[in-house]
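Residue numbers (our numbering), protein chains in the order written: chain A, 58 to 445; chain B, 22 to 588.
Here is the structure:
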């Protein structure tokens, strides 16, 4: 209770709830504009902090495989992804330090004709929706990626796919936010957000704060935060399995994916290979971290070894579960039409790729600039009246 | 008697080995203490029991193999591991993943760990008619306490009472009908008490009806300047080399730390011909304040108390100087060997008063329970503030909070071998009773004497450690440049910089510095980082304060984990 009295009179222009890549970027951008901004993060159910750093531009194969019902609307937002990667390049420049960002292109391989046909269709869709990608044949593919299983028959190549070291990026963005005068409270949990006539009061485990604007950038936790404000935002957690190897000699410059099966692979600058791609981890209630599912561990690594046989002798040193925030694959961005001053910034899919760009656009709207994209298609109101 | 006609090729040079040697034993026997070049200096054998991951070498072209856990095969090619492992050249394409479609074993009772607790538990359960499998990660059962001499040790140390007790127990377990599986690494625990196990050849899933975890302990070492140098190792590593393979880790040896294991190892090294220059004991000299603990020890376990006194007398007779109230401050590498600086110990640290040049330094600062598997199984733990470690919660029959999962021996609360033997009996009896293989009356008959002995032994242990009470170091001995995380080469200063930024949790420290992200999964650095954190905030640790244990519990190659190339 002591904390409450300590903090009740603190007043901010904006409180950002969520200290992942979206929230930290927003805090940085707002602080840069001179706003009094506070970022609150409870350090749990983290997406960004357990992220593996793939920058996805070409459509992941899981979209068609798992979410055909959302595909049409998702495709309309596809051109955000190359823009988001461009923005990551800008972010690295502005941070002025190495975050091991590399836009070295990505390949999605096919192993048979059926998969090749699927890739042809995917490539067409991508071109229609503003993403440059190209089909490449077996000979070119093996020249480009000699480490692949010789049985591959082709791939889609997308030059804009990339990777970044999320540990370095998160730390650097956090420092930038602080250097520009932003405040960050870690390990603090928001208990409720209540409206006042000219803003909000945020009740947290570190006391109460008044603010004029509020930005919800809490990934999967966002839905619960706006529930008592009468806003329906059905974020759900998709716990995903990931693995990391010991340091290996450099061999893989691309982000590697598979046309039909859940697989992403990339090599970090230090030589470690990160293997994932959407195998399920076991959901857990905080403070428990997501658990590991045996079939995911064996299935994911078996597939990786099949596609890149040379990794056979590399040691796996750890596996873990990260959390992907699931909505309808389309981001929720911008001020809520019915509640002035309440802004949402929840990337639709591949949240780490989209994170800084989403933060940029919402901050643009908040500060009276015109975002790159009209934000109407990203309104949360599309969920109003759906479900329960 | 010895069969020492095996050869391995180390860095192009032939090394003569004895049958049963580990790669580490064979190399240390020829004076090769440096096994790996890290980006922050050379490394060698440190823990000796497959925990610290420092002795990684390349074996027959495969990087990242542990020298201390790999048995020599004739003609084996061994090299220092490069900083980065190479891919397999032109590999045969493997079969498509058959995730989840692995061999499965469903014994009634599965015991993990072949030390005193695991061996007796397996024997008792099998003697009562249960179908029992015992998994042990080493080539030979016995664990760290009953380490048995390998097939053909160089100088079979005189087969003392402990060797003999261990041999009898192993024979009893073998006779009982329990199936003993050596070289078996448990890689993880999953839903419904499923265990993933690799025995070097196949990966198998175990779905036992009852599970007895007896995974023992590993040593904790507070970081100090020079603690990562080759030749600086735990007393456990030195003892494994000596008792298991007849290998001395050098001629001139300094032993330092706290507790009776150090004195015991010193006398064993002396008997094996080593020149033990001193035993630096952090605890002050026994005096008036020791009378009460000694009386309590004598009352509780007269036999063990007498053995302890005999040991101290032997040391004196051998001319090995035990220096109470002193410890090691720093070690540096010189042309003549390792120069160790030492002096008076206080809670603030150790004064650098004298120095001595030796071949190796053996450190024994006590143990941490090897409870990662228990935590992965979801067994509830509580934090023991006095020993600064998580302790699994158990019922009287050693069953944990997870039904059907029992925990015995040092992986629980470091009760020592005698306690481990009693707990093994108690847990196995309860397990077979719950399987309907024994009536409650029969079970009580077996359990009652074990419970009584356990109570006596706990009293003995408590008195023993009050006699050996000493300063407990965390980072008091470290300087800003001392490595606190050996795997990722993180210095104390880097840890402090993160705390200064106000990032006050173990996961934040990990993300910012990579401390705990390496091959040992934080086993060497967690205690250090937590102690530093506790200096900043009112830390009340619980299970969630620590790193969550994750599969694989120890590094394993992808090929070993998911199966090799297509046939």
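Idealized CB from N, CA, C, for every residue including glycine.
Cβ neighbour criterion (16 or more within 10 Å) applied to residue i
| i | result |
| --- | --- |
| residue 36 of chain B | buried |
| residue 178 of chain A | exposed |
| residue 211 of chain B | buried |
| residue 353 of chain B | exposed |
| residue 587 of chain B | Residue placement at residue 587 of chain B cannot be trusted, given a pLDDT of 48 that sits under 50; what the coordinates show is reported in the next sentence. Exposed, since its Cβ has fewer than 16 Cβ neighbours within 10 Å. |
| residue 61 of chain A | Low confidence applies to residue 61 of chain A: its pLDDT is 44, below 50, so where it sits in the model is not reliable, and the reading given next is rough at best. So residue 61 of chain A ends up on the exposed side. |
| residue 87 of chain A | buried |
| residue 38 of chain B | buried |
| residue 5 of chain B | In the structure as shown, chain B starts at 22 and stops at 588, and residue 5 of chain B therefore has no counterpart that could be examined. |
| residue 120 of chain B | Residue placement at residue 120 of chain B is poorly supported in this model, since its pLDDT is 49, which falls under 50; the coordinates are not used for a value here. |
| residue 120 of chain A | buried |
| residue 257 of chain A | buried |
| residue 125 of chain B | exposed |
| residue 168 of chain B | buried |
| residue 431 of chain A | exposed |
Beta-carbon spacing of residue i, residue j below 8 Å
| i | j | result |
| --- | --- | --- |
| residue 386 of chain A | residue 406 of chain A | yes |
| residue 274 of chain B | residue 380 of chain B | yes |
| residue 391 of chain A | residue 419 of chain A | yes |
| residue 484 of chain B | residue 314 of chain B | yes |
| residue 360 of chain A | residue 164 of chain A | no |
| residue 85 of chain B | residue 98 of chain B | no |
| residue 378 of chain A | residue 349 of chain A | yes |
| residue 293 of chain B | residue 269 of chain B | yes |
| residue 288 of chain A | residue 393 of chain A | yes |
| residue 100 of chain A | residue 244 of chain A | yes |
| residue 426 of chain B | residue 232 of chain B | yes |
| residue 208 of chain B | residue 573 of chain B | yes |
| residue 330 of chain B | residue 287 of chain B | no |
| residue 7 of chain A | residue 205 of chain A | No answer is possible for residue 7 of chain A: the residues shown for chain A start at 58 and end at 445. |
| residue 401 of chain A | residue 279 of chain A | yes |
| residue 391 of chain B | residue 494 of chain B | no |
| residue 297 of chain A | residue 328 of chain A | no |
| residue 362 of chain B | residue 369 of chain B | no |
| residue 277 of chain A | residue 104 of chain A | yes |
| residue 509 of chain B | residue 538 of chain B | yes |
| residue 17 of chain B | residue 428 of chain B | The structure shown does not extend to residue 17 of chain B, since chain B spans only 22 to 588, so no value can be given for it. |
| residue 475 of chain B | residue 236 of chain B | no |
First and last residue of the uninterrupted alpha helix (DSSP H) at residue i
| i | result |
| --- | --- |
| residue 166 of chain B | First-last for residue 166 of chain B: undefined, no H or E at that position. |
| residue 472 of chain B | 461 to 488 |
| residue 127 of chain A | Here residue 127 of chain A belongs to no alpha helix (DSSP H), and DSSP marks it neither H nor E. |
| residue 431 of chain B | 431 to 434 |
| residue 363 of chain A | 351 to 364 |
| residue 82 of chain A | 78 to 89 |
| residue 138 of chain A | 137 to 152 |
Continuous beta strand (DSSP E) stretch holding residue i: start and end
| i | result |
| --- | --- |
| residue 375 of chain A | 372 to 383 |
| residue 77 of chain B | 77 to 80 |
| residue 421 of chain A | Segment 408 to 423 is the alpha helix (DSSP H) holding residue 421 of chain A; no beta strand (DSSP E) there. |
| residue 323 of chain A | 321 to 324 |
| residue 38 of chain B | 34 to 38 |
| residue 261 of chain A | 256 to 261 |
Q. Residues in the region 541 to 568 of chain B with C-beta within 8 Å of chain A's C-beta atoms, listed in sequence order?
A. 542 and 565
Q. Between the region 201 to 224 of chain A and chain B, which residues of the former have CB atoms less than 8 Å from a CB of the latter, in chain order?
A. 204, 206, 207, 208 and 224
Q: Report the residues of the region 345 to 370 of chain A with a CB closer than 9 Å to any CB of chain B, ordered along the chain.
A: Going along the region 345 to 370 of chain A in chain order, one finds 345, 346, 348, 349, 350, 351, 352, 353, 354, 355, 356, 357, 358, 359, 360, 361, 362, 363, 365, 366, 367, 368, 369 and 370 with a Cβ nearer than 9 Å to chain B.
Q | Interfacial residues, the region 293 to 312 of chain A to chain B, with Cβ spacing under 9 Å | A | 300, 301, 302, 303, 304, 305, 306, 307 and 308
Q: Anything in the region 209 to 233 of chain B with a Cβ closer than 8 Å to a Cβ of chain A? List those residues in chain order, please.
A: 209, 211, 212, 215, 217, 224 and 226
Q) For the 8 Å Cβ check, are there 3 or more pairs between the region 511 to 518 of chain B and the region 308 to 326 of chain B? A) no
Q: Answer yes if the region 303 to 322 of chain A comes into contact with the region 419 to 439 of chain A, meaning at least three C-beta pairs across the two stretches below 8 Å, and no otherwise.
A: With the cut-off at 8 Å, the region 419 to 439 of chain A and the region 303 to 322 of chain A do not touch.
Q.
When you compare the region 575 to 585 of chain B with the region 220 to 233 of chain B, are there three or more beta-carbon pairs, one atom per stretch, that lie closer than 8 Å?
A. yes
**Q.** Segment contact, 8 Å Cβ cut-off, at least three pairs: the region 229 to 248 of chain A with the region 74 to 88 of chain A
**A.** yes
Q. Residues in the region 55 to 82 of chain B with C-beta within 7 Å of chain A's C-beta atoms, listed in sequence order?
A. When CB distances to chain A are screened at a threshold of 7 Å, not a single residue of the region 55 to 82 of chain B falls below it.
**Q.** Against chain B: residues of the region 370 to 382 of chain A by CB proximity under 7 Å
**A.** 370, 371, 372, 373, 374, 375, 376 and 377
Q: Specify whether the region 134 to 146 of chain B and the region 444 to 464 of chain B touch according to this definition: at least 3 beta carbon pairs, one from each stretch, less than 8 Å apart.
A: By the Cβ test, the region 134 to 146 of chain B is in contact with the region 444 to 464 of chain B, since at least three Cβ pairs between them sit closer than 8 Å.
Q) Within the chosen definition, does the region 218 to 225 of chain A reach the region 159 to 174 of chain A through at least 3 CB pairs nearer than 8 Å? A) Judged by Cβ distances under 8 Å, the region 218 to 225 of chain A makes contact with the region 159 to 174 of chain A, as three or more pairs qualify.
Q) Mind listing which residues of the region 99 to 124 of chain A have their C-beta closer than 8 Å to chain B's C-betas, in chain order? A) Hits within the stretch, in order: 100 and 106.
(Q) Does the contact criterion of 3 or more C-beta pairs under 8 Å hold for the region 188 to 199 of chain A versus the region 113 to 127 of chain A? (A) yes
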